[in-house]
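S.K.: Residue numbers (the working numbering), protein chains in the order written: chain A, 1 to 863; chain B, 864 to 980.
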Amino acid sequence: MPEWPDDVAEELRQHLDDQYRDLRAAGASHDDALRAMADDVNAVRSRRSGLRPELIAADVRYAFRTLRRNPGFAIVVLLTLALGIGANAAIFSVVNGVLLRPLPYRDADRLVVIWGDLRRPGVNQIPASAGEYLDYRDRSHAFEQVAAYDTVGFNLTGGGEPERVEGAVVTTTFFALLGASAQVGRTFAAAEDQPGRDDVVVLSHSLWMRRFSANPAIVGQTIPVDGRPTQVVGVMPAAFQFPDRSIEIWKPFLLDAEALSDNNRGSHGYTALARLKAGISRQQAQADLTAVTATFKADHPGNYRNGFGATLRPLQEEIVGDTGRPLMVLLGAVAVVLLIACANVANLLLARAASRRKEIALRTALGASRGRLVRQLMTESVLVSAIGGLIGLGLAAWAVDLLIASAPDSIPRIQEVGVDVRVAGFTALVSLATGLVFGLAPALRASRAPLNDALKEGGRAGGGGVHGSTGRALVVSEVALSLVLLIAAGLLIHSFTRLQDVAPGFDSSRLLTFRLSLPESRYTTFQKGQWFFDEFFTGLRRTPGVRSVAAINALPFSGLGGSRSFHIEGREEKRPEDQTEEQLRIVTDGYFAAMGIPIVAGREFTERDALNQPRVAVVNDAMAKKHWPHESPIGKRVSFSTNEPVWYEVVGIAGNIKHRALENADRPELYVPYRQPLFAGWTVRPMYVVARTSADPASTAAIVRHEVARVDRDQPISDVRTMDERIGRSLSNRRFSTVLLALFAGLALTLAAVGIYGIVAYSVTERTHEIGVRVALGAQRRDVMAMVVGQGMTMTIVGTAIGVAASAALARLMSSLLFGVSAVDPATFVGIPLLLIAVALAACYVPARRAMRVDPLQTLRSE
Amino acid sequence: MQYIKNRMLDRELKKGSAELLILSLLEDQPRHGYDLSKLIEARSGGILKFRVASLYPLLYRLEKRGWILGRWIEKAGQRRRRYYRLTPVGANVLASQRHTWREFVLAISRVTGVEHA
Numbered sequence: 001m002p003e004w005p006d007d008v009a010e011e012l013r014q015h016l017d018d019q020y021r022d023l024r025a026a027g028a029s030h031d032d033a034l035r036a037m038a039d040d041v042n043a044v045r046s047r048r049s050g051l052r053p054e055l056i057a058a059d060v061r062y063a064f065r066t067l068r069r070n071p072g073f074a075i076v077v078l079l080t081l082a083l084g085i086g087a088n089a090a091i092f093s094v095v096n097g098v099l100l101r102p103l104p105y106r107d108a109d110r111l112v113v114i115w116g117d118l119r120r121p122g123v124n125q126i127p128a129s130a131g132e133y134l135d136y137r138d139r140s141h142a143f144e145q146v147a148a149y150d151t152v153g154f155n156l157t158g159g160g161e162p163e164r165v166e167g168a169v170v171t172t173t174f175f176a177l178l179g180a181s182a183q184v185g186r187t188f189a190a191a192e193d194q195p196g197r198d199d200v201v202v203l204s205h206s207l208w209m210r211r212f213s214a215n216p217a218i219v220g221q222t223i224p225v226d227g228r229p230t231q232v233v234g235v236m237p238a239a240f241q242f243p244d245r246s247i248e249i250w251k252p253f254l255l256d257a258e259a260l261s262d263n264n265r266g267s268h269g270y271t272a273l274a275r276l277k278a279g280i281s282r283q284q285a286q287a288d289l290t291a292v293t294a295t296f297k298a299d300h301p302g303n304y305r306n307g308f309g310a311t312l313r314p315l316q317e318e319i320v321g322d323t324g325r326p327l328m329v330l331l332g333a334v335a336v337v338l339l340i341a342c343a344n345v346a347n348l349l350l351a352r353a354a355s356r357r358k359e360i361a362l363r364t365a366l367g368a369s370r371g372r373l374v375r376q377l378m379t380e381s382v383l384v385s386a387i388g389g390l391i392g393l394g395l396a397a398w399a400v401d402l403l404i405a406s407a408p409d410s411i412p413r414i415q416e417v418g419v420d421v422r423v424a425g426f427t428a429l430v431s432l433a434t435g436l437v438f439g440l441a442p443a444l445r446a447s448r449a450p451l452n453d454a455l456k457e458g459g460r461a462g463g464g465g466v467h468g469s470t471g472r473a474l475v476v477s478e479v480a481l482s483l484v485l486l487i488a489a490g491l492l493i494h495s496f497t498r499l500q501d502v503a504p505g506f507d508s509s510r511l512l513t514f515r516l517s518l519p520e521s522r523y524t525t526f527q528k529g530q531w532f533f534d535e536f537f538t539g540l541r542r543t544p545g546v547r548s549v550a551a552i553n554a555l556p557f558s559g560l561g562g563s564r565s566f567h568i569e570g571r572e573e574k575r576p577e578d579q580t581e582e583q584l585r586i587v588t589d590g591y592f593a594a595m596g597i598p599i600v601a602g603r604e605f606t607e608r609d610a611l612n613q614p615r616v617a618v619v620n621d622a623m624a625k626k627h628w629p630h631e632s633p634i635g636k637r638v639s640f641s642t643n644e645p646v647w648y649e650v651v652g653i654a655g656n657i658k659h660r661a662l663e664n665a666d667r668p669e670l671y672v673p674y675r676q677p678l679f680a681g682w683t684v685r686p687m688y689v690v691a692r693t694s695a696d697p698a699s700t701a702a703i704v705r706h707e708v709a710r711v712d713r714d715q716p717i718s719d720v721r722t723m724d725e726r727i728g729r730s731l732s733n734r735r736f737s738t739v740l741l742a743l744f745a746g747l748a749l750t751l752a753a754v755g756i757y758g759i760v761a762y763s764v765t766e767r768t769h770e771i772g773v774r775v776a777l778g779a780q781r782r783d784v785m786a787m788v789v790g791q792g793m794t795m796t797i798v799g800t801a802i803g804v805a806a807s808a809a810l811a812r813l814m815s816s817l818l819f820g821v822s823a824v825d826p827a828t829f830v831g832i833p834l835l836l837i838a839v840a841l842a843a844c845y846v847p848a849r850r851a852m853r854v855d856p857l858q859t860l861r862s863e
Numbered sequence: 864m865q866y867i868k869n870r871m872l873d874r875e876l877k878k879g880s881a882e883l884l885i886l887s888l889l890e891d892q893p894r895h896g897y898d899l900s901k902l903i904e905a906r907s908g909g910i911l912k913f914r915v916a917s918l919y920p921l922l923y924r925l926e927k928r929g930w931i932l933g934r935w936i937e938k939a940g941q942r943r944r945r946y947y948r949l950t951p952v953g954a955n956v957l958a959s960q961r962h963t964w965r966e967f968v969l970a971i972s973r974v975t976g977v978e979h980a
């Protein structure tokens with residue numbers, strides 16, 4: 001049998017040559033001869049085209065056979081595509097789960113959050129007060145249902161360890177608004193927001209499983225919640241969570257006369273939710289809401305000095321927040337990776353098409369039309385991309401698990417991420433598009449090759465020029481695309497290291513922190529709370545390994561904060577802007593020493609700053625500079641109450657600290673001692689305890705629990721973490737997207753290097769003969785080396801230049817994600833291209849060495 | 864008319880008479896593909912004509928069955944060509960097919976009333 005396809009091609013070529021020669025000998029012109037031969041071929045061809053199912057099936061079978069014949073090619077192509085498509089499917093899964101998929105509530109697109117606006121500068125998104133909630137509920141016409149909630153912690157005691165559980169107080173409309181009902185028992189009845197009837201709770205599925213062993217009989221029983229006997233009325237299904245899965249218990253929001261009094265009208269502590277009536281647009285609802293809030297100032301003149309407004313925001317937007325942007329950057333990055341993968345595969349196909357030209361010419365001679373050939377080649381591409389897509393989807397399913405496990409829990413809805421129908425559909429579409437993108441150009445080019453040329457062209461595959469220009473353009477774009485990704489990753493990594501170097505303003509090492517919430521039912525007065533802390537701290541200070549201990553209401557990097565308006569003695573407030581509101585911290589004595597926050601001037605609080613002593617305050621440096629820019633604040637007085645001023649004298653200036661995130665600017669902060677409460681009715685508040693240890697702080701947690709239990713055996717502690725862990729968590733979102741982008745950039749670099757290697761190696765093979773001749777004619781080995789490397793490096797340099805320009809153009813998109821680094825950071829814009837050029841050099845070097853070893857005698861002999 | 868003739872011939876060729884033609888032509892001496900196609904056209908007075916698209920697949924089919932054998936042969940001053948020769952198996956097939964064909968033609972002639980020369 002003749003060897004397929006070389007021998008057959010040679011034989012056919014001879015036949016056509018002979019025929020041509022005879023036709024010419026018989027007197028036909030060149031054109032007539034060619035036409036006569038073409039007629040022969042076309043007559044057969046016309047019977048063989050058409051888009052028939054059996055032809056498609058045959059194409060698919062043929063494509064499979066072709067792939068099996070060339071397993072190396074198939075593996076490289078499938079792997080490249082699977083990585084590219086898999087990365088897209090995985091990141092799309094996250095985008096889908098976090099951004100696209102509707103929230104898991106009935107008609108979630110009709111759910112909105114109502115934010116108030118007190119028309120004061122810097123205060124435009126405030127929660128609602130109880131009174132405002134009732135007005136929204138009863139006076140508006142656009143809402144089917146209105147609810148309000150606030151997240152709070154509850155201490156669970158009785159039957160086992162005392163436990164601090166995150167929960168929420170919710171209006172009785174809350175569950176109905178979300179369209180959720182209990183799995184066991186019921187949710188709240190309308191009257192359970194009234195005094196005496198509100199000692200009921202609904203449990204989350206997870207809490208029910210964990211603490212009550214999923215016992216359905218718990219419904220109807222009474223358990224101690226914050227020390228008060230409380231009846232469990234229901235258990236929610238496992239799928240229900242609101243606002244996120246950390247909330248494990250719900251209690252009714254008590255709407256008594258006190259909560260609804262005018263005094264409480266300004267206590268904006270509750271997030272108001274609403275469900276739009278079917279068919280009502282957000283604009284209509286907004287107009288309706290504006291009409292309702294317009295009456296507030298007239299009805300409650302004491303509370304809305306500057307008037308009041310409210311705006312609606314879709315709940316989905318509220319929950320997802322600003323996660324969208326980094327996710328979109330990542331999605332863009334994987335799309336670029338896929339483009340590079342496509343370019344690589346297209347290049348491989350072009351190279352293979354060149355060596356398949358005779359096969360294709362033969363099929364043409366045997367009657368295949370051009371359309372038929374393109375279809376055949378496209379079938380192969382799409383088949384390859386479909387298989388690649390399937391493998392990619394498998395990779396994605398695995399990668400998504402990995403992503404969820406390693407994703408910071410601060411990414412909203414991350415637990416809802418998974419491979420679903422939409423992800424599968426997306427992957428199928430991407431795979432199809434991929435197959436068309438990388439397959440079309442090579443298919444068109446291959447099918448256009450003139451029949452006689454291809455058949456006549458001798459043993460060498462040849463045609464390097466045709467493949468070469470497209471191939472080189474593809475490699476140039478690969479280099480440019482991967483450089484854009486690499487620079488983006490470089491900028492993010494640079495930002496991240498900058499951020500890690502930021503000093504938080506205190507000593508975060510060996511600092512154990514935890515939350516302690518004394519229940520108001522047991523610690524009914526401020527003095528009782530003070531007694532607890534004195535006892536607890538005295539015991540803890542005696543413990544070996546604990547060097548100092550203190551407490552604060554809103555610990556840095558705990559996510560908590562809080563501001564309060566105050567006024568400065570001797571300054572008049574003429575305009576609303578003159579009202580001052582700054583971050584307020586309540587700290588026990590020794591807090592600054594325990595945290596390692598320097599006292600820049602004056603002193604910090606001591607146990608002598610007691611209730612019956614002159615009231616004192618400490619300000620931070622930023623506050624001192626803002627409010628006393630030309631004088632020392634020490635000795636100045638501030639008051640928090642508007643009617644009878646109670647003066648707090650500034651006795652010290654503390655250093656600035658980072659409170660929420662290392663990247664934030666320093667904010668003014670005001671500290672007052674725990675022993676000198678702001679107003680008379682002050683009771684105990686949840687506090688964070690900080691303990692400086694001499695050994696590993698994590699190992700001190702057990703001692704701390706023991707000491708707490710010694711003072712009050714029903715008192716749980718929660719949110720136990722070292723300070724370093726908290727700071728690490730504040731960086732976790734950024735670390736996550738940086739690591740992912742770096743990963744994708746690395747993948748892009750690898751693919752680009754493979755692309756450069758592939759085309760240089762291919763051209764060396766193509767040019768073996770030419771190189772042999774050059775060497776025979778006296779070219780030095782290093783000339784050959786320079787020629788080959790030069791070819792590869794030309795493409796690299798052109799691609800790099802385009803990539804640098806594109807990155808500079810895209811800089812504005814990046815700048816909001818950066819910290820302490822310019823979006824056109826010179827170090828990155830020089831260093832990263834150098835890295836890429838080094839990798840490209842290595843990729844060229846391997847084929848260049850092979851070119852150097854070309855034996856001129858052997859090449860010439862084979863001719 | 865010409866169209867119908869072509870269609871009939873095509874069918875006949877596919878049915879196997881084409882095989883008989885090839886085998887017959889290879890009985891005396893090995894020949895290459897173009898030679899075969901020229902001979903068929905010349906000896907049939909231009910009525911039988913092989914297209915490239917049918918001839919070579921047919922040759923490869925016969926070779927696969929072991930009836931003929933192709934060899935690359937280089938002759939001085941010429942480029943190498945693939946010559947096909949009849950194998951002993953092919954010779955047996957030829958004898959049997961030729962016999963069948965004669966009987967077939969005879970039978971047709973008797974029925975259609977055309978005198979055998």
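Glycine included, every Cβ here is placed at the ideal spot set by N, Cα and C.
Taking Cβ-Cβ distances shorter than 7 Å, what residues in chain A pair up with Gly908 (chain B)?
M.R.: As a working note, residue 908 (chain B) is residue 45 in the second sequence. Within chain A, no residue comes near Gly908 (chain B); the closest Cβ sits about 17 Å away, beyond 7 Å.
S.K.: Since Asp32 (chain A) meets chain B, which of its residues come closer than 9 Å, beta carbon to beta carbon?
M.R.: As a working mapping, residue 32 (chain A) is identified with position 32 in the first sequence. The contacting residues do not exist; Asp32 (chain A) stays about 18 Å from chain B at best.
S.K.: Helix or strand or just coil, what does DSSP make of Ile885 (chain B)?
M.R.: Translated into positions along the second sequence, residue 885 (chain B) becomes position 22. Reduced to three states, the DSSP call for Ile885 (chain B) is helix.
S.K.: For a contact defined as C-beta to C-beta under 7 Å, what are the partners of Leu12 (chain A) on chain B?
M.R.: For the purposes of this step, residue 12 (chain A) is taken as the residue at position 12 of the first sequence. Ordered by position in chain B, the residues that pass the 7 Å Cβ test against Leu12 (chain A) are Val915 and Tyr919.
S.K.: Thinking Arg498 (chain A) and Pro686 (chain A) are a contact (beta carbons under 8 Å), I'd like their distance in whole angstroms, please.
M.R.: Within the first sequence, the letter at position 498 stands for residue 498 (chain A). Within the first sequence, the letter at position 686 stands for residue 686 (chain A). Not quite, the Cβ-Cβ distance comes to about 34 Å (not below 8 Å), so this is no contact.
S.K.: Can you tell me the Cα-Cα spacing of Ala840 (chain A) and Met793 (chain A), whole angstroms?
M.R.: Locating residue 840 (chain A) in the first sequence gives position 840, counting from the first residue. Locating residue 793 (chain A) in the first sequence gives position 793, counting from the first residue. Going from the Cα of Ala840 (chain A) to the Cα of Met793 (chain A) covers about 7 Å.
S.K.: With 8 Å set as the bound, which would you pick, yes or no: does the beta-carbon of Gln376 (chain A) sit closer than that to a beta-carbon of chain B?
M.R.: Position 376 of the first sequence, counted from the first residue, corresponds to residue 376 (chain A). By this cut-off, Gln376 (chain A) is not an interface position.
S.K.: In three-state terms, what does DSSP make of Phe506 (chain A)?
M.R.: The count along the first sequence starts at 1 and reaches residue 506 (chain A) at position 506. Here Phe506 (chain A) sits in coil by DSSP.
S.K.: Can the beta-carbon of Leu987 (chain B) be found less than 8 Å from the beta-carbon of Arg948 (chain B)?
M.R.: Look at the range of chain B in this structure, 864 to 980, and you will see that residue 987 (chain B) is not part of it.
S.K.: Find the nearest neighbour of Phe605 (chain A) within the set A:Arg675, A:Pro633 and A:Lys658, judged by alpha-carbon distance.
M.R.: By 1-based counting over the first sequence, the position of residue 605 (chain A) is 605. Residue A:Arg675 is the option with its Cα nearest to Phe605 (chain A).
S.K.: Tell me the rounded alpha-carbon separation between Arg774 (chain A) and Pro326 (chain A).
M.R.: Translated into positions along the first sequence, residue 774 (chain A) becomes position 774. Translated into positions along the first sequence, residue 326 (chain A) becomes position 326. About 53 Å.
S.K.: How about the region 196 to 205 of chain A and the region 248 to 261 of chain A: do they share at least three Cβ pairs that are nearer than 8 Å?
M.R.: Because the criterion of three Cβ pairs below 8 Å is met, the region 196 to 205 of chain A and the region 248 to 261 of chain A touch.
S.K.: Going along the region 927 to 946 of chain B in order, which residues come within less than 9 Å of chain A, judged by CB to CB distance?
M.R.: Under the 9 Å Cβ criterion, the region 927 to 946 of chain B contributes Lys927, Gly933, Trp935, Arg942, Arg943, Arg944 and Arg945.
S.K.: For my contact list, Leu883 (chain B) and Gln941 (chain B) are in at a C-beta cut-off of 8 Å; report their separation, rounded to the angstrom.
M.R.: If you number the second sequence from 1, residue 883 (chain B) lands on position 20. If you number the second sequence from 1, residue 941 (chain B) lands on position 78. 29 Å between Cβ atoms; not a contact.
S.K.: Would you call Glu11 (chain A) buried or exposed, if buried means 16 or more other Cβ atoms sit within 10 Å of its Cβ?
M.R.: Taking the first sequence and counting its residues from 1, one reaches residue 11 (chain A) at position 11. By the neighbour-count rule (16 or more Cβ atoms within 10 Å), Glu11 (chain A) is buried.
S.K.: Which residues in the same chain as Thr171 (chain A) place their Cβ atom closer than 6 Å to its Cβ, once the five residues preceding and following it in sequence are excluded?
M.R.: Taking the first sequence and counting its residues from 1, one reaches residue 171 (chain A) at position 171. Here the set comprises Ala147, Ala148 and Phe253.
S.K.: Taking only beta-carbon positions, decide if Met864 (chain B) is within less than 8 Å of chain A.
M.R.: Indexing the second sequence from 1 puts residue 864 (chain B) at position 1. Caution applies to Met864 (chain B), whose pLDDT of 42 falls short of 50 and renders its modelled position unreliable; the value that the coordinates give is listed next. No - not a single Cβ of chain A is within 8 Å of the one on Met864 (chain B).
S.K.: Alpha carbon to alpha carbon, how far is Ala842 (chain A) from Glu457 (chain A)? Give it in angstroms, no decimals.
M.R.: To locate residue 457 (chain A), count along the first sequence from 1; it is residue 457. To locate residue 842 (chain A), count along the first sequence from 1; it is residue 842. For Glu457 (chain A), the predicted model reports a pLDDT of 47, less than 50, meaning its position is unreliable; a value from the coordinates is still stated below. Each residue's alpha carbon lies about 34 Å from the other.
S.K.: Any idea if Gln125 (chain A) is buried or exposed, counting beta-carbon neighbours within 10 angstroms, 16 or more meaning buried?
M.R.: Working through the first sequence from its first residue, we reach residue 125 (chain A) at position 125. Looking at its Cβ environment, which holds fewer than 16 other Cβ atoms inside 10 Å, Gln125 (chain A) is exposed.
S.K.: Mind the definition here: the region 658 to 675 of chain A touches the region 607 to 619 of chain A only if three or more C-beta pairs lie below 8 Å; say whether that holds.
M.R.: As far as the Cβ criterion goes, the region 658 to 675 of chain A touches the region 607 to 619 of chain A, which means the pair count is three or higher.
S.K.: How would you write the range of the alpha helix (DSSP H) that Pro920 (chain B) sits in, first residue to last?
M.R.: For this step, residue 920 (chain B) is matched to residue 57 along the second sequence. Val915 to Arg928 is the span of the alpha helix (DSSP H), which, as asked, contains Pro920 (chain B).
S.K.: Along chain B, in chain order, which residues have C-beta atoms closer than 7 Å to that of His769 (chain A)?
M.R.: In the first sequence, the residue the question calls residue 769 (chain A) occupies position 769. Chain B residues near His769 (chain A): none, gap ~20 Å exceeds 7 Å.
S.K.: Closer than 7 Å between beta carbons: that is the criterion. Which residues of the region 888 to 912 of chain B meet it against chain A?
M.R.: Going along the region 888 to 912 of chain B in chain order, one finds Gly896 and Tyr897 with a Cβ nearer than 7 Å to chain A.
S.K.: Inspect the beta-carbon positions of Phe506 (chain A) and Ile597 (chain A) and report whether they are closer than 8 Å.
M.R.: Locating residue 506 (chain A) in the first sequence gives position 506, where the first residue counts as 1. Locating residue 597 (chain A) in the first sequence gives position 597, where the first residue counts as 1. Closer than 8 Å, so yes.
S.K.: Against Asp18 (chain A), what residues of chain B qualify as contacts under a CB-to-CB distance less than 7 Å, listed in chain order?
M.R.: The residue labelled residue 18 (chain A) in the question sits at position 18 within the first sequence. Per Cβ cutoff of 7 Å: Tyr897.
S.K.: What number of angstroms, rounded off, separates the C-alpha of Ile360 (chain A) from the C-alpha of Ala446 (chain A)?
M.R.: Along the first sequence, one-based indexing puts residue 360 (chain A) at 360. Along the first sequence, one-based indexing puts residue 446 (chain A) at 446. For Ile360 (chain A) and Ala446 (chain A), the distance between alpha carbons rounds to 8 Å.
S.K.: Comparing C-alpha positions only, which one of A:Ala550, A:Arg767, A:Ala838 and A:His300 sits nearest to Leu118 (chain A)?
M.R.: By one-based count along the first sequence, residue 118 (chain A) stands at place 118. For Leu118 (chain A), the nearest C-alpha among the options comes from A:His300.
S.K.: Contact check, Cys844 (chain A) vs Ile756 (chain A) under 8 Å by CB: the rounded distance?
M.R.: The residue you call residue 844 (chain A) lines up with position 844 of the first sequence. The residue you call residue 756 (chain A) lines up with position 756 of the first sequence. With a Cβ gap of about 6 Å, Cys844 (chain A) and Ile756 (chain A) count as contacting.
S.K.: Compare the C-beta of Val8 (chain A) against all C-beta atoms of chain B and say whether one is closer than 8 Å.
M.R.: Taking the first sequence and counting its residues from 1, the one referred to as residue 8 (chain A) is at position 8. Cβ-Cβ to chain B under 8 Å: yes for Val8 (chain A).
S.K.: As an exercise, report each continuous beta strand (DSSP E) stretch of at least 3 residues that is fully enclosed by the region 580 to 614 of chain A, in chain order.
M.R.: DSSP runs (the beta strand (DSSP E)) wholly in the region 580 to 614 of chain A: 580 to 587 and 599 to 602.
S.K.: Could you tell me if Thr290 (chain A) is buried or exposed, where buried requires 16 or more neighbouring beta carbons within 10 angstroms of its beta carbon?
M.R.: Working through the first sequence from its first residue, we reach residue 290 (chain A) at position 290. Thr290 (chain A) is exposed by the Cβ-count criterion.
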